[in-house]
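Inspection log for the structure reproduced underneath, given as structure tokens.
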Amino acid sequence: MTDRLPRVGRTPRAAAVPRQVPLWVTVLILACCAIEAALLLAGMAGYPAARQVAFMLGGFWSPLIHDGYGLYPGQPLLMFLTYGLLHSGPMHLAMNMISLAFVARELSRLLGAGTMAAIYLAGQIGAAALFAVMQPAAGPMIGASGAVFGIAGALVGYAAIVGHRRRRRMGQMWRSVGLIVALNVGITVLVPSIAWQAHLGGAAVGAILGIALALRGAPGR
Numbered sequence: 058m059t060d061r062l063p064r065v066g067r068t069p070r071a072a073a074v075p076r077q078v079p080l081w082v083t084v085l086i087l088a089c090c091a092i093e094a095a096l097l098l099a100g101m102a103g104y105p106a107a108r109q110v111a112f113m114l115g116g117f118w119s120p121l122i123h124d125g126y127g128l129y130p131g132q133p134l135l136m137f138l139t140y141g142l143l144h145s146g147p148m149h150l151a152m153n154m155i156s157l158a159f160v161a162r163e164l165s166r167l168l169g170a171g172t173m174a175a176i177y178l179a180g181q182i183g184a185a186a187l188f189a190v191m192q193p194a195a196g197p198m199i200g201a202s203g204a205v206f207g208i209a210g211a212l213v214g215y216a217a218i219v220g221h222r223r224r225r226r227m228g229q230m231w232r233s234v235g236l237i238v239a240l241n242v243g244i245t246v247l248v249p250s251i252a253w254q255a256h257l258g259g260a261a262v263g264a265i266l267g268i269a270l271a272l273r274g275a276p277g278r
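Per the working numbering, residue 58 is the first one in the sequence shown, and the count goes up by one each step.
This is the structure:
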């Protein structure tokens, strides 16, 4: 996303609100960075298996959905939450966290931090669910990209409905969306291990929620 806000649903009060990343997003980014730093330090200290252990315990494993049990009690359910905290390396982490910060700053102004947090969680769960359906024998799947696509989808769905109602120009928003889609398609092609199914699941859930909120008449803040 670009720094420029889509001129959708803007009120004098909303226009005066500074574009800031919500606190929960900052905490989440710091947590993901701390986990990645710990895994990198463990590798440098001679414990490269630490990353594999983290993936085994916190990654998303589709077979566990069908088996109904894991390495510890509750893993088939907890992995829907923990997989988004893990990343394959600094590049993977940076891509997701930068995208999260930019999209979150846009969406939180329109829907508020609390609503966006719920959409993020729903997107992460939806991303994993579709991955499990389309890749029933795969794992581990890691990364926050499914949830990031969730809030991006919500931003698009919400802004499209409100913009259409108010006859606002949507060129900037669609250019931003096109850039995100192009980047992720390119990454998917260049890095075959990317779980595009999770991207699709998160985006679909987010778009549905964004459209529903716009149709319901969600406040701008």
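Ideal placement from N, C-alpha and C gives every residue a C-beta, glycine not left out. Please read all numbers here as calculations on a predicted model, not as lab measurements.
- Contiguous alpha helix (DSSP H) elements confined to the region 130–157 occur at 132–139, taking only those with 4 or more residues.
- Counting only runs of 4 or more residues that sit fully inside the region 183–224, the alpha helix (DSSP H) segments are 202–223, in chain order.
- Measuring C-alpha to C-alpha distances from M152 to each of L135, G200, G131 and M191 identifies G200 as the nearest.
- CA-to-CA, the gap between I208 and W253 works out to about 16 Å.
- For A186 and L98, the gap between their C-alpha atoms comes out near 32 Å.
- Nearest to Q132 by alpha-carbon distance, out of R166, A260, H149 and L114, is L114.
- One thing to note: M191 has its Cβ no nearer than 8 Å to the Cβ of G116.
- Contact between the region 119–130 and the region 171–180 is absent: fewer than three C-beta pairs spanning the two stretches fall below 8 Å.
- If you ignore the 5 residues before and after G267, its C-beta comes within less than 7 Å of the C-beta of G210, A211, L212, V213, G214 and Y215, all in its own chain and listed in chain order.
- Take I218, set aside five residues on each side of it, and the residues of its chain with a beta-carbon closer than 6 Å to its own are I268 and A271, in chain order.
- Excluding five sequence positions before and after V78, the CB atoms of its chain that fall closer than 6 Å to its own CB belong to A158, A161 and R162, given in chain order.
- Annotation for G116: no alpha helix (DSSP H) segment contains it, and DSSP assigns it neither H nor E.
- By the neighbour-count definition (other C-beta atoms within 10 Å, threshold 16), I86 is a buried residue.
- Pairing L138 with A204, the inter-Cα distance amounts to about 10 Å.
- Here A252 carries a coil assignment [DSSP, helix/strand/coil].
- A straight-line Cα-Cα distance of about 16 Å links P130 and V110.
- Residue state for A102 is assigned as coil, using DSSP reduced to three classes.
- Using a 10 angstroms sphere on the CB of I182, the tally of other CB atoms reaches 16 or more, which defines it as buried.
- Residue environment for R166: buried (at least 16 other C-beta atoms within 10 angstroms of its C-beta).
- In this structure, G263 keeps its C-beta atom at 8 Å or more from the C-beta atom of F188.
- In its chain, beyond the 5 residues on either side, L142 have a beta carbon closer than 6 Å to the beta carbon of I92.
- Here the alpha carbon of F112 sits roughly 13 Å from the alpha carbon of A195.
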